[in-house]
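**Q**
Residue numbers (this note's numbering), protein chains in the order written: chain A, 58 to 345; chain B, 5 to 795.
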């Protein structure tokens, strides 16, 4: 399939990319790994007149350890994130989730910033951003701002990014001692996207759950935290009984519909099962 | 193993690595889309977004105004130019044939039905311009489901097929079945849906036509499994171009699974457009077009009734099927749910009375035709799924129920109650071998222990038979085929003794360049690198019926074998003449002719080849040259059979199925290249398992395809599958000199039922007797929890 014709611009810097965005406005799209944008262009669901390639901007793909936080540049490719010793040792949940994305070809091209900014409601990384309590650095015409992941995903394929802004960096807090994490995903057999994906980051202190964040993807219009599960667990003794009780609240505040992927009852069930499985594994990891 | 071999080594039965893979894996394959001709233009099709609509008006003015657009052509243009509709290749008495025009005239009958074509200087201009062609439709109610299409008051797909009936076809003795059912101890009844599938060959369909006005000759490169059939039908019936002015080339073709047998609208349009415009015209399908316009497969709704006596012996079988053939009849469509289906209903079993009743329906969907296995997977699924349902109902182990009903080894040739005569077979050893290799008692014990501990293992058997090696021409002719199904093979020996083979078989993944070379090297005592296999070009190969129905080895290979005997025989007479011996005193072995009893009196095959072409010293009255042609017409089908066993685990919390083990014991007769046969089997098993677990085309009630991409149509991935275990029994086929049977479809034919049976076996503690495919987690979970009154 052939996309509509477009002009291609290779930005040499974030400033240049922002200037091009300002110049072309709604007629422009940023191109990073291209693994979400190019398919929709080939299907002619999108026909931007201008593509601004940010994949050539030096240092925009850097991964660094800042002590309290790990910084991942927006154009870091999934394969590099998953293999990064910094990511693997300091924020292992991010490495685990990233390894679930697509297949090796996709992971070799797709970028962390592209996936997060695209905000597919069944993508893996947004669930990780929520569970990790990550922050997203957005550059715009009037400077940069930082938005918490909790405030970033606002609707179906919709984020806090404003026209003229671009995502430049993902800032991930490094979990403290006694932390454990897990990502449990039921992939759609056709697309590989999550029918449900549950990312858990928790911390156990003195046998009790000191903090827990649960990010869910796949079953809602956008990635979201499961507040009912988190509140049921927070401060309780770390036990399988507590996990079971918390997992039963996976559907709190959510509504499910019957569709080709299954009935509403089935979706509620897999939400609960996958929350429980992720919590069990995260808890076990916290002890290790 | 190297691709070369020592002269004289036994090559039949050797796992020689595929000669063709070197070019494929280094990106040097030459596919239709790789061919570029001077002045080439590009076609893009305007397709109906409606499933059933009247075309009021086509306004191409905006498209024609685009720079780079050469033409916009419509069905009316084609009709005015005298281009005929595309005919089906198989007829039944009373069949209602809807006019299938390459570009629709007046009416469209499925989403994706081609309405117009844009020819332009580049693919993107063609696509942009196609989007500007304004077609005004009046949309009508549509019907996508075949059972719904046959119901009273259903939307009418074609005015000349009342009630949407294409034909009703029956086989067997209805009265005998009625009588046996009435006297039976028990009758097992099951309704089964064999869902619609989409073939998804890795290479999308493509065609490139080039009309040479000086020679008045048309050349068509096309993704075809049978270029001579393309030439015959397109030339003689659609375009009106005689064979000597029409060359069809199917170069490297990246898979077909049946979907590239048929004559499609697009290749007819580009061929005609090239002649009309005097320029080469190329079209390559997008994957979206593949989903919408490649012929789909299967789509049966079936009721099976199987009657037993009190010993668990089948006394009668009644099968009633509604087959969805889509909007138009493509080449093999009428044969697939009839002669390739009903005739297989005896399976491996001695069933004295069988009656099969098939009603084929038109619907507002993509045409349905042969897809890997073509009728035989449907028959095997109906029979083998019902055998498992019956075993459960009768309280018998499924392996034991099958064993009790197998045709005895001394009953061959065995006349079934559904027309076929099985020439050979010995079924119990394959069953025994499969059960032994899987250690069936141990697996059943494991299953029982697991159930007590809350894990749910399922064991599924599928004992299949297929009829392939299509086909005895006189038989298929009497059954409505509009062509014979023989095959040709030319063996051309060059003066140096090197060999060119021209075969009417067509390789689109099967590995003929290797297996056919093995046959030649074995027979002539040369190496396989001394042999070139030429196929897929009507300008080089005299004639051919192509590759489908697992026919290349059994029919094309047999034709090749016949020609090899002819050149050897002539070579023997030349050698005898040169050695001053009687021909009957000359033997041939290891690439040398020699006088019996005097092994030093010898002439190599190359020396004899040279002598044949020098012609300085040939026997009197012998023509120079060394070349032979054979048309092999098989006397019967070949009948591969086997037993496949799948083991699955069902996660009852989520409904997720893990395919843990898959064992296949097959009887393909003699095997030329075990590695290639295993590869064929592996791919087939993956496809068949995918039907059981993941694949399924879905339409909404308006005839919109909901599963139009790989985002929502679940093709099998390597990670979903275990390492397959294969083994064989060997019962050579008596109907061809190689003793081979077909192996290309068996995996698909057997595996769907094996995997489905395994899942349903795992679910038996929940009181679930049957679920329709694909057995998705959601469907399984809902069945489990539905049976418990919800969770």
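Backbone N, C-alpha and C define an ideal beta-carbon position, used for all residues, glycine too.
Note that the structure is a prediction, hence the values are computed from the model and not measured.
When the Cα atoms are used, what is the spatial distance from residue 5(B) to residue 438(B)?
**A** Residue placement at residue 5(B) is flagged as unreliable, the pLDDT there being 35, under the threshold of 50; the coordinate-derived value follows with that caveat. Looking at the two C-alpha atoms, the distance is approximately 29 Å.
**Q** With a CB to CB cut of under 6 Å and the five nearest residues on each side skipped, what residues in its chain are close to residue 72(A)?
**A** For residue 72(A), where only same-chain residues beyond five positions count, there are no Cβ hits under 6 Å.
**Q** Does chain B have any CB closer than 7 Å to the CB of residue 320(A)?
**A** Interface residue, yes.
**Q** Residue 243(A) versus chain B: which residues are under 9 Å apart at the beta carbon?
**A** Those within 9 Å of residue 243(A) in chain B are 658, 660 and 781.
**Q** Between residue 488(B) and the rest of its own chain, which residues show a CB-CB distance below 6 Å, the 5 nearest in sequence each way excluded?
**A** These residues qualify, in order along the chain: 477.
**Q** Name the two residues that bound the continuous beta strand (DSSP E) containing residue 225(B).
**A** It spans 221-226 - the beta strand (DSSP E) in which residue 225(B) sits, taken as one unbroken run.
**Q** Between 281(B), 180(B), 14(B) and 225(B), which has its C-alpha nearest residue 73(B)'s C-alpha?
**A** Ranking the options by Cα distance to residue 73(B), first place goes to 281(B).
**Q** Might you give, ordered along the chain, the residues of its own chain that have their beta carbon closer than 8 Å to the beta carbon of residue 804(B), omitting 5 neighbours on each side?
**A** Here chain B covers residues 5 to 795 and nothing more, so residue 804(B) does not appear.
**Q** For a test of the three-state rule: what should DSSP assign to residue 240(A), helix, strand or coil?
**A** If DSSP states are grouped into helix, strand and coil, residue 240(A) belongs with the strands.
**Q** Please return the same chain residues whose Cβ sits closer than 8 Å to the Cβ of residue 708(B), not counting the five positions on each side in sequence.
**A** Cβ neighbours of residue 708(B) beyond the five flanking positions: 55 and 115.
**Q** State yes or no: is the beta carbon of residue 70(A) nearer than 7 Å to at least one beta carbon in chain B?
**A** Judged by the 7 Å Cβ criterion, residue 70(A) is not in contact with chain B.
**Q** Kindly say whether residue 777(B), judged by its beta-carbon, lies nearer than 7 Å to any beta-carbon of chain A.
**A** Not closer than 7 Å to any Cβ of chain A, the Cβ of residue 777(B) fails to qualify, so no.
**Q** Does DSSP classify residue 530(B) as helix, strand or coil?
**A** Three-state DSSP puts residue 530(B) in coil, outside helix and strand.
**Q** Would you list the one or two residues that DSSP bridges to residue 745(B)?
**A** Beta-bridge pairing links residue 745(B) to no other residue.
**Q** Since I believe residue 540(B) is in contact with residue 510(B) (beta carbons under 8 Å), could you give me their beta-carbon distance rounded to a whole number of angstroms?
**A** Going by Cβ atoms, the distance from residue 510(B) to residue 540(B) rounds to 5 Å, so yes, they are a contact pair.
**Q** Name the one or two DSSP bridge partners that residue 328(B) has.
**A** Residue 328(B) pairs with 365(B).
**Q** Over the uninterrupted alpha helix (DSSP H) stretch that includes residue 598(B), give me the two end residues.
**A** No alpha helix (DSSP H) holds residue 598(B); the beta strand (DSSP E) holding it covers 596-599.
**Q** Count the other C-beta atoms from every protein chain shown that fall within 10 angstroms of the C-beta of residue 331(B), then say buried if there are 16 or more, exposed otherwise.
**A** Label assigned to residue 331(B): buried.
**Q** Would residue 493(B) pass as a contact of residue 753(B) if the rule is Cβ separation under 7 Å?
**A** No.
**Q** Along chain A, which residues have their Cβ under 7 Å away from the Cβ of residue 127(B)?
**A** Under the 7 Å cutoff, chain A gives 59.
**Q** Which term fits residue 574(B), buried or exposed, when burial requires 16 or more other beta carbons within 10 angstroms of its beta carbon?
**A** It is buried - the Cβ of residue 574(B) has at least 16 other Cβ atoms within 10 Å.
**Q** Find the residues of chain A that neighbour residue 691(B), judging by a C-beta separation of less than 7 Å, and give them in chain order.
**A** Within chain A, no residue comes near residue 691(B); the closest Cβ sits about 14 Å away, beyond 7 Å.
**Q** Who are residue 51(B)'s beta bridge partners in DSSP?
**A** 118(B).
**Q** If you follow the alpha helix (DSSP H) that residue 165(A) is part of, which residue opens it and which one closes it?
**A** Taken as a continuous stretch (DSSP letters only), the alpha helix (DSSP H) holding residue 165(A) covers 161-166.
**Q** Which residues mark the beginning and the end of the alpha helix (DSSP H) in which residue 144(A) is found?
**A** Unbroken alpha helix (DSSP H) run through residue 144(A): 142-147.
**Q** Could you tell me the alpha carbon to alpha carbon distance between residue 417(B) and residue 423(B), rounded to whole angstroms?
**A** Distance between the alpha carbons of residue 417(B) and residue 423(B) is about 13 Å.
**Q** In chain A, what lies closer than 8 Å to residue 710(B) by C-beta?
**A** The contacting residues are 317.
**Q** May I ask you to list the residues that DSSP assigns as paired with residue 172(B)?
**A** Note: residue 172(B) sits in a beta bridge opposite 363(B).
**Q** Can you tell me the Cα-Cα spacing of residue 199(B) and residue 779(B), whole angstroms?
**A** So the two alpha carbons sit approximately 11 Å from each other.
**Q** Under 8 Å by Cβ, that's how I've got residue 766(B) and residue 652(B) pegged, so tell me the actual separation to the nearest angstrom.
**A** Contact holds; Cβ gap of about 6 Å.
**Q** In this structure, does DSSP put residue 756(B) in helix, strand or coil?
**A** Looking at residue 756(B) - three-state DSSP - the assignment turns out to be helix.
**Q** Applying the 10 Å Cβ sphere with the 16-neighbour rule, what's the burial state of residue 601(B)?
**A** Exposed is the call here.
**Q** Under 7 Å between beta-carbons, which chain A residues line up against residue 785(B)? List them in chain order, please.
**A** Here the neighbours are 323 and 326.
**Q** Determine whether the beta carbon atoms of residue 41(A) and residue 170(A) lie at a separation below 7 Å.
**A** Residue 41(A) is absent from the structure shown; chain A starts at 58 and stops at 345.
**Q** Can you check which of these residues, 336(B), 435(B) and 361(B), is closest to residue 474(B) by C-alpha distance?
**A** Taking only the C-alpha atoms, the option nearest residue 474(B) is 336(B).
**Q** Please report the distance separating the alpha-carbon of residue 794(B) from that of residue 459(B).
**A** Because the pLDDT at residue 794(B) is just 37, under 50, the model does not fix this residue reliably, and the value given afterwards should be weighed accordingly. So the two alpha carbons sit approximately 20 Å from each other.
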